[in-house]
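Chemist:
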Amino acid sequence: MKRVPELLAPAGDWDALVAAVQNGADAVYLGGKGFNARRQAPNFTARALAEAIEYAHVRGVKVYVTVNTIIADEEMEEAARFLRFVYEAGADAVIIQDLGLLRLARMVLPELPLHASTQMTVHNTAGALLVGEAGVRRIVLARELSLREIEALKKGTGLEVEVFVHGALCICYSGQCLMSSLIGGRSGNRGMCAQPCRLPYTLCDAGGRAVAKPEEIGAFLLSPRDLNLSHRLPALAAAGVDALKIEGRMKRAEYVATVVRIYRRLLDRLAAGRFFVLPEETLTLAQIFNRGFSSGYLFGRPGRDLMSYRRPNNRGVPVGRVLAYDRQREIATIKLNLPLRVGDGIEFWVSEGGRVGAEVRRLLVDGEEMDAAPAGAVVKVAAVGRIRPGDRVFKTADAALLREAQASFNGREIRKIPVDFRVHLREGEPLRVTVADAAGHSGVATTQSLAVRAEKRPLTLELLREQLGRLGNTPFELVGLAGEVGEGLFIPVSEINAVRREAITALAQVRARVPQPLAEGLFAARLKDAVRAPHPGARGAAVYLAVSCGTPAAVKAAVAAGADRIYFGGEEFRFRAADGGGGVGLAAVADYVRAQGREFFLLTPRVAKDAELTAVLAFCHRTPAGALSGVVAGNLGLLRALIEAARVPVWADYYLNVFNLQAVTFLQEQGAKGVVLSPELTLRQVEAMAGRSLLPLEVLVHGRLPLMVSEYCVVGAVLGGMGANRACSVPCRGRRFALRDRLGVLFPVYPDTACRMHIFNSQELVMLRFLPALVRAGVAGLRIEARLEDAAYVSRVTRAYRQALDAALGGAPQAYEKIEEELAGGDFTRGHYFRGVV
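Mapped onto this note's numbering, the consecutive letters of the sequence shown carry residue numbers 1183 to 2020.
1) Give the DSSP-derived three-state secondary structure of M1552 in the structure shown.
2) Cβ of V1601 less than 8 Å from any chain B Cβ?
3) Quick check: the region 1668-1687 against the region 1249-1266, are there 3 or more CB pairs under 8 Å?
4) Mark Q1852 as exposed unless 16 or more other C-beta atoms lie within 10 angstroms of its C-beta, in which case mark it buried.
5) Any idea if G1762 is buried or exposed, counting beta-carbon neighbours within 10 angstroms, 16 or more meaning buried?
6) For the pair the region 1834-1852 and the region 1876-1886, tell me if three or more CB-CB distances fall below 8 Å.
7) Can you grab the Cα-Cα spacing for the pair V1634 / P1612, in whole Å?
8) Using a Cβ-Cβ cutoff of less than 8 Å, which residues in the same chain neighbour R1908 once the five nearest sequence positions on both sides are dropped?
9) Can F1919 be considered in contact with the ligand MG, in the sense that its beta carbon sits closer than 7 Å to one or more heavy atoms?
10) Taking the straight line between their C-alpha atoms, what separation do you get for H1305 and D1548?
11) Can you have a look at H1803 and say buried or exposed, based on whether 16 or more other CB atoms are within 10 angstroms of its CB?
12) Just to confirm, is the Cβ distance from V1247 to L1284 under 8 Å?
13) Buried or exposed: where does E1529 fall if 16 or more other Cβ atoms within 10 Å of its Cβ makes it buried?
14) Tell me which residues share the same chain as G1349 and place their Cβ nearer than 7 Å to its Cβ, disregarding the 5 neighbours each side in the sequence.
15) Terminal residues of the continuous beta strand (DSSP E) containing Q1630?
16) So, are the CB atoms of G1357 and Q1279 less than 8 Å apart?
17) Helix, strand or coil: how does DSSP classify C1731 here?
18) Need the endpoints of the alpha helix (DSSP H) that D1934 sits in, please.
19) Are the CB atoms of L1545 and V1560 within a distance shorter than 8 Å?
20) Would you please state the rounded distance, in angstroms, between the beta carbons of D1553 and V1524? I believe it to be under 8 Å.
21) Could you check the C-alpha separation between R1917 and R1758 for me, to the nearest Å?
22) Going by Cα to Cα distance, which pick from R1492, N1371 and R1483 is closest to G1474?
23) What's the call for L1404, buried or exposed, on a 16-neighbour Cβ count within 10 Å?
24) According to DSSP, D1387 sits in a beta bridge with which residue or residues?
25) Could you tell me the alpha carbon to alpha carbon distance between T1578 and V1499, rounded to whole angstroms?
26) Can L1449 and L1190 be called in contact, C-beta distance under 8 Å?
27) Within its chain, find whatever has a CB closer than 7 Å to the CB of S1911; leave out the 5 residues flanking it on each side and keep chain order.
28) Between H2014 and the rest of its own chain, which residues show a CB-CB distance below 8 Å, the 5 nearest in sequence each way excluded?
29) So the candidates are A1308, I1353 and D1195; which of them puts its Cα closest to the Cα of K1336?
30) Do you know whose CA, among A1790, K1433, G1482 and A1219, lies nearest Y1894's CA?
31) Relative to the C-alpha of E1595, which candidate in G2018, E1188, G1993 and Q1204 has its C-alpha closest?
32) Just to confirm my understanding: we take D1197, look at its own chain, exclude 5 residues before and 5 after, and list those with CB closer than 6 Å. What are they?
33) Would you give the residue range spanned by the beta strand (DSSP E) that I1596 belongs to?
34) Using a threshold of 8 Å, state whether the C-beta atoms of V1290 and L1323 are closer than that.
35) Going by DSSP in three states, L1859 sits in which element: helix, strand or coil?
36) On the three-pair Cβ rule with 8 Å, is the region 1730-1739 touching the region 1962-1970?
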C-alpha cells in the first residue's frame, strides 16, 4: 500500500465528530468554548471535549484541539490551564495562532505537541523554520501557496505540513484580516469574524463612481468559490503533504459525513495505486454544499475563476429548467436533467426577486404522483414566486443523500476495528480471554466461575467464537480466535458474555491512551516561571514620532514637519505609476533622512514568498549598514532572515498580531529589538503591556489601516480580465479604486506591484487628543500610517502630531478636538483603543 496523507476533518459539535469518525477521518479538529477561531460554532464543553477525545481514540482517530486565537494578557493563565486540561484529556496536539501562547505552551507543557494554525500566516520557508525551531511540529500552511511552493517548503524544512483541500476559502490571508474587527468590533483573530467578504460591494473609482455594474458581473466581489482538490490528491501526496484538511466547523454533520466519506474513498484508492474520481462523487460533493468550486491557488492565481460573484452561499446543483408556470395554481413544470425526489429542496433562479426556494412535497409525472423522477422526465411541483419559463432550477438539498449521511452518525458503528481473541480454559480454572488489535493493544479478563465438567453441551472454540463475536454496537469486530480449550468443560454463557464485555472495555481504555496527569506542583512552578513579570530596562523620557511614507516627497514633508523616524518601503502600490512615485531609490531616500539627523527604517511586506523574501534580503545586503537605522519585519520569515543576517536592528511589525506580553517576550528571545503592537488592543491593555515590556513598544495613532491583503485582486479580475489562463491588462496602473458597500461606505483598494490587493479602512484612525494618555502609558513610539498619502497630507498631519507630542512631553497638553476634525474631514475612528474587540 502506498503512503497517503492523513485525512483531517472538522467537528463543530458531537454529531459532526461522530460523522467524521464513522466516515473514515484519520483525525479531527475541534474546539472548546473559548480561545477558538470558530467561537460561533456549538463547540465542546470541557467534559464533552474529554469524551470526544476518548471516543475518537478508541476508534483509532487523532484529535487536534484548536486554541487558535490571539490571547490577552489577562487570559493567558486561563489559556495555560486549558492547555493542561487538553493535554491530560489526551489530545494529540493543539493548533495555535498566538506567538505568546506558543512560548507559554513550550514552557508550561513541553510534552504537548503543537501545530501552527493557518492564522499564523506561515507562507515562506523561513517563517516555517522559525516556528519549527520554537517547538511547532506541524504547519497549517497559508492557503495561497501553490503546489510548487508547498513542495519546496516541505523539502526546505522537514516539518509536517498540512493544507486545506475542501471547503470555504478566505479572500484575505488568514491572520491578516481586520475588516470584521475594525468595521464591527468582531475580530477574526478572536474567532468572531462576521464574514464581511460575503456581503455585496460595487467596484468604484476613488470618487465613488461605479466602474463595473453589479447587475452584469455580480455584487459579491469578495466572495470566493469553495475549494475542491479532490482530483489533485496524487499531486499533493507526491509533494510530501502530511495532512489534508477539510474546512467546515460551522457546517452541519451531514456535510462532514458526506465530504469525509468521498475523500476517504479517494485516499484509499490512492493508497492502492489506482486513483480515480467518479462523476457521481464529484456530483455528491457539489450537492452537499458548494458556492461553485475552485482549485484555489494550487496552480497559480486563478483571478476571477476563484470567485462566486453572483452568490455567496450554497448554490446546489442544476437539476433542470422551467418549461411552464401556472400562476393560478402555483405549479411549475420542469424538464429534469438530474433525478428529483420528494423531500428534496429546490431553488428557482428567477430574473426578478433573486431566488425562489421550495421543498418538493408532491411530484407529478404525467399526472401521476410519484416519489421520484429520473433525469429526462418532465415533472410538476408546487412553488410560489415570479417564476418564468426558462428559469434554471437547482437542487439545494438531496433528501436521500441527507438520509445516508444521517445514518452514519445515528449511534450505529459503521467502521469496525478488527480484533483477535485468545482464550485459555482448563478444568478447575477460570476462562481467561485476551482481546488484541493490530497495533498490539490488548485487554484481558477472567470469569469468576471455574470450569467444570459439562453435563450437556461442552464449550468448543466454535461456541466461544459465537459468543465472543457478539460485539454488537461496539467499535470492534472479531476476525480471529485461537487458544486452548479443554474438552468437555463448561462455563455459564452469562459469564462468557461478561468476560467479553470486560475484555473489550479494557482494550478500549488502553486505546483511549490518556496520559498521566501533570503534577500540580510541577505545573504551578512552570506556570509561575512562564508568566513572571519581566523587569524592563530603563526607558528614555522621549517618545519618538514615526511616519510611514510612500514617496520621497512625503519623506521630505515628514522630516520638515518634525518626524523622528521615517518608515519607507514595504509594498509598492501601482497607483503611484502616474505620479512618479514608484520604483524610487531607497538608498537615496535613506541618505537624505540620515543627513537630516533622523532615523530611517526599511519597511518590508507582510506577504513575501520565498523568491520575494530573497529579493528583500538582497537589497538589505546591498545597502550599506550605516544607511539603515533598522528594518521592520512584516512577517515571520522576514523576521528570522533579517535577524539571522545581523546587520541592523530588526523590529516586528503589527502584522504579527502582538497582543500580549508573552508574544513580546517571544520576539525578544528571537532577537527583535522592538515591536509594533496589534491595533486590536485597547488603551488600557497597551498601558499594562508598556509598563512591563522588555522591548520598546510602538503603537499606531493615525491613518488608514489595512483591512485585508489578498492574492486575489478585484480590479485585475473585474476590469483587467484576469483569470486562470488569462493575463491581467493592469487597469490599476496610475488609478485609484474603492469598494462601496451596501451602506454607501467606500473602502479604498490598492493593488501593489506584486499584484496583491490591499483594502483599507474607510475611516482614518485619529488619536491626537489622546497622545498624553499614550505617553503616560509608557510606549516608546507613535506611528502615523501615511504610505498612501501625498506630501501635503503628510506635512499637515505630522506637524499636528509633533506639536501635540511636544506639548504632552512638556506636561502642557492642549485641546485638539477641532484639529482632529480638520485632519480627517470630520469622519474618523478611535479604532479599538476604547471599545476593544470580542
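Positions of the beta carbon are idealized from the N, C-alpha and C atoms, including for glycine.
Computed from a prediction, not measured in an experiment: that's the story for all the values here.
Modeler: Inspection of the coordinates gives the following:
1) strand
2) The question asks about chain B, but that chain is absent: this structure has only one protein chain.
3) no
4) buried
5) Confidence at G1762 is low in this model, with a pLDDT of 43, below 50, so its placement is unreliable and the value that follows should be read with caution. With fewer than 16 Cβ atoms within 10 Å of its Cβ, G1762 is classed as exposed.
6) yes
7) 10 Å
8) G1485
9) No copy of the ligand MG appears in this structure; indeed no ligand is present at all.
10) 58 Å
11) exposed
12) no
13) buried
14) D1408, L1409, I1428, E1429 and G1430
15) S1624 to L1632
16) yes
17) strand
18) No alpha helix (DSSP H) contains D1934, which DSSP labels as neither H nor E.
19) no
20) 5 Å
21) 8 Å
22) R1492
23) buried
24) F1919
25) 7 Å
26) no
27) G1902 and G1903
28) S1363, L1364, G1367, P1861, E1862, L1863 and T1864
29) A1308
30) G1482
31) Q1204
32) A1435 and F1591
33) Neither: I1596 is in no beta strand (DSSP E) and is coded neither H nor E.
34) no
35) coil
36) yes
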